[in-house]
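These notes are about the structure you will find just below.
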Amino acid sequence: MGGPLEGTLSLIKPPGMTSHDVVGYVRRTLGEKRVGHTGTLDPLAAGLLVICVGRATKISRFLTDSVKCYLAEVTFGVSTKTQDAAGDVIEQADASPLTAEDILRALDRQKGAQHQVPPMASAVRHQGRKLYELARAGIEVEREPREIEIYQIRAIRMDGLQTARPKALFEVTCSKGTYVRTLCSDIGRSVGLPAFNSFLLRTRVGVFTVNEAMTLEELAEKAGEGHVEENALTSVDCALAHLPAVLVKDSACQAVLNGRILHAPGIGEMLCPPDQHVRLRDSDNELLAVAQRVTGIEGEGVAFKPVWVRSRI
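Sequential numbering from 207 applies to the sequence shown in my numbering.
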């Protein structure tokens, strides 16, 4: 490999591993300390985990903010302390009266912007401590609702109707910060029943899909052959394909690479809203930097402030 590794990896996290476990595995496999993930997957969940490697860890927040898609199963008639199969059962009820129409209406009611209370078994912080740490100590605190949005939700399959424990498999596309475990609990509540998340697979993060991801074993094989850079890493530019591109004039490229704010005279094209993050590109269509649109000099015009600059190695 020609230089330091830089880019993203699309990996399939198996159930039973934490997201932190996967990060540790990648560090050991690649011999690279700068490794981070772009959004936690619960230990019981499986599916796509996008990993940033090397200097690409600086752009992880742009991927964390991306839209995510999941395949999830909700089981009615039982609720647990953690809202998934890992927790102790806290409530049971006979769900045999539940109909397919009830489930479809319940799913439809979840669409749109809303406030969601994160579960105690989560990495959300409360007064500097993670909620799951408090939960392990037997402490439950009031949690601030967080703004989320369910963009799309649709039923895939229903099983066990007219039994005490019917299940529904569904696909959901949602904003960052959405807890699908809590969504399953809310679906149950909307039909007057306890419910928990009995299966979870993440299928998409921004432009990345699980169909293009590799297993941990495949990553180890590519690393052993020295082919990670060519056959496994996605470039920062491709990873951020969801961000608008802005053309930088040749005369301003060096200033951008030096981290200086780019003002209107150096901008060739510009179509983006205020505060939008963009990719700054040169006339050869090469990525120079990721920048945020800010107000120009003396409060007028348009400018872009680099927040990540391409390596010049």
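From the three backbone atoms N, C-alpha and C, an ideal C-beta is built for every residue, glycine too.
Which listed residue (the options) has its alpha carbon closest to that of residue i
{"i": "ASN491", "options": "PHE510, VAL452, ARG352", "result": "VAL452"}
{"i": "GLU512", "options": "VAL496, VAL500, THR501", "result": "Sequence inspection shows Pro at residue 512; the Glu mentioned does not correspond to that position. Nearest option by C-alpha distance: VAL496."}
{"i": "ARG311", "options": "ASN437, ILE467, SER396", "result": "SER396"}
{"i": "LEU211", "options": "ASN417, VAL284, LYS239, ALA445", "result": "LYS239"}
{"i": "ASN403", "options": "ASP392, ALA458, MET326", "result": "ASP392"}
{"i": "ALA461", "options": "ALA509, ALA429, GLU435", "result": "ALA509"}
{"i": "ALA426", "options": "TYR231, ASP290, PRO221", "result": "TYR231"}
{"i": "PRO249", "options": "GLU346, HIS433, GLY260, TYR338", "result": "TYR338"}
{"i": "GLY334", "options": "GLN322, VAL347, THR369", "result": "VAL347"}
{"i": "LYS382", "options": "PRO450, HIS321, THR224, THR501", "result": "HIS321"}
DSSP-derived helix/strand/coil call for residue i
{"i": "SER225", "result": "helix"}
{"i": "SER441", "result": "coil"}
{"i": "ASN403", "result": "strand"}
{"i": "MET207", "result": "Residue confidence is low: MET207 scores 45 on pLDDT, short of 50, so the model does not pin down where it sits. Its coordinate-derived value is still stated next. Looking at MET207 - three-state DSSP - the assignment turns out to be coil, as it is neither helix nor strand."}
{"i": "LYS287", "result": "coil"}
{"i": "LEU310", "result": "helix"}
Beta-carbon separation (whole angstroms), residue i vs residue j, contact threshold 8 Å
{"i": "GLY253", "j": "LEU407", "result": "4 Å"}
{"i": "ALA301", "j": "LEU399", "result": "5 Å"}
{"i": "GLU377", "j": "ILE354", "result": "With 8 Å as the limit, GLU377 and ILE354 do not qualify as a contact, their Cβ atoms being about 17 Å apart."}
{"i": "SER216", "j": "MET420", "result": "7 Å"}
{"i": "ALA251", "j": "ILE309", "result": "ALA251 to ILE309, Cβ: 22 Å. No contact."}
Whether residue i touches residue j by CB criterion (7 Å)
{"i": "LYS219", "j": "CYS380", "result": "no"}
{"i": "VAL484", "j": "ILE265", "result": "no"}
{"i": "PRO325", "j": "TYR385", "result": "yes"}
{"i": "ALA401", "j": "GLY394", "result": "yes"}
{"i": "ALA260", "j": "THR440", "result": "Inspection of the sequence shows that residue 260 is occupied by Gly rather than by Ala. Contact: no."}
{"i": "VAL416", "j": "LEU463", "result": "no"}
{"i": "ASP488", "j": "VAL454", "result": "yes"}
Any non-hydrogen atom of the ligand NAP closer than 6 Å to residue i Cβ
{"i": "MET364", "result": "Among the components modelled here there is no ligand, and therefore nothing to report on the ligand NAP."}
My parser needs the beta strand (DSSP E) runs of 3 or more residues fully inside the segment 345 to 432; what are they? 352 to 365, 373 to 380, 401 to 411
Completely contained alpha helix (DSSP H) runs for the segment 250 to 274, where each covers 4 or more residues: 266 to 270
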